[in-house]
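Visitor: When you line the sequence shown up against the working numbering, it's residues 82 to 261, in that order.
Ideal Cβ positions, reconstructed from N, Cα and C, are used throughout, including at glycine.
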Amino acid sequence: TYQIHCVICISFLSHYFFGVEAEEKREVFVKVVYDDKSVGEEVRMQKVAREETAGKCRIPEIYHYDMKLERSVIVMERIRNRRVPSRAVVVYATSLLGSVKALHDCGILHCDIKPSNVLWDGSSVAIVDFGHAQMIESARSYVGTRGFTAPEVVADEAPHSTASDAFSIGKTLERVAEDG
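1. Based on the DSSP output, what are the partners of SER52 in its beta bridges?
2. Quick one: Cα of VAL113 to Cα of ARG168, how far?
3. State the start and end residues of the unbroken alpha helix (DSSP H) segment that holds HIS185.
4. From this set, VAL101, ALA214 and ARG164, which residue's C-alpha is nearest LEU200's C-alpha?
5. Can you tell me the Cα-Cα spacing of PHE99 and VAL88, whole angstroms?
6. What first and last residue would you give for the beta strand (DSSP E) that runs through ALA207?
7. Do ILE194 and THR243 have their C-beta atoms closer together than 8 Å?
8. For CYS90 and SER197, I'd like the C-alpha separation in whole angstroms.
9. Contact check, SER180 vs CYS138 under 8 Å by CB: the rounded distance?
10. Please identify the residue among SER219, THR230, PHE211 and ASN162 whose C-alpha is closest to the C-alpha of ASP246.
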């Protein structure tokens, strides 16, 4: 069982919470998804990414998921996120580039890189939210978050690619540098 401590974010299809797993007393991140058609694929992609990158990309461990309810639930490792100070933007950028390269080297596109999906713990990044992730060899066009998705993908002129993830990295770094 899990005790929910606070709401992080409420979006159209998902709610996000911080909580504690009662038995283990470990902090967790809980994602409740109302469009459960994609949850199985999200869990699969996150597990594949975590296993395939073998420590080269920090990805939260999934402790539990349940798709039998009217809402799907994913419970995973909580990674504390901090604001990126301006003096740390280069370290953040280097960590993000290395993490996404590790995903690409394993044949995985994230397809929704943005500041809220890149957590900073003060020394390195963790990549979260694999809800739009795809394998490179079977990538298709899908609009991620406006302002962070490559124009050719938004225009439905090209499928996601390593180049479109690179565009999203650039926009993410631009935002982080502005906020730092």
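Guide: Taking the definition as stated:
1. Nothing about residue 52 can be reported from this structure: the residues present for the chain run from 82 to 261 only.
2. Counted from its first residue, the sequence shown places residue 113 at position 32. Counted from its first residue, the sequence shown places residue 168 at position 87. Each residue's Cα considered, the two are about 35 Å apart.
3. As a position in the sequence shown, residue 185 is number 104, starting the count at 1. That run of the alpha helix (DSSP H) goes 170-186.
4. If you number the sequence shown from 1, residue 200 lands on position 119. The option with the nearest alpha carbon to LEU200 is ARG164.
5. Start at 1 with the first residue of the sequence shown, and residue 99 comes out as number 18. Start at 1 with the first residue of the sequence shown, and residue 88 comes out as number 7. The straight-line gap from Cα to Cα measures roughly 7 Å.
6. Looking up residue 207 in the sequence shown gives position 126. Where ALA207 is concerned, the enclosing beta strand (DSSP E) stretches over 206-208.
7. In the sequence shown, counting from the first residue as 1, residue 194 sits at position 113. In the sequence shown, counting from the first residue as 1, residue 243 sits at position 162. Going by C-beta atoms, ILE194 is not nearer than 8 Å to THR243.
8. Locating residue 90 in the sequence shown gives position 9, counting from the first residue. Locating residue 197 in the sequence shown gives position 116, counting from the first residue. The alpha-carbon atoms of CYS90 and SER197 are separated by roughly 11 Å.
9. Residue 180 sits at position 99 when you count from the first residue of the sequence shown. Residue 138 sits at position 57 when you count from the first residue of the sequence shown. Confirmed, Cβ separation roughly 4 Å.
10. By one-based count along the sequence shown, residue 246 stands at place 165. The option with the nearest alpha carbon to ASP246 is THR230.
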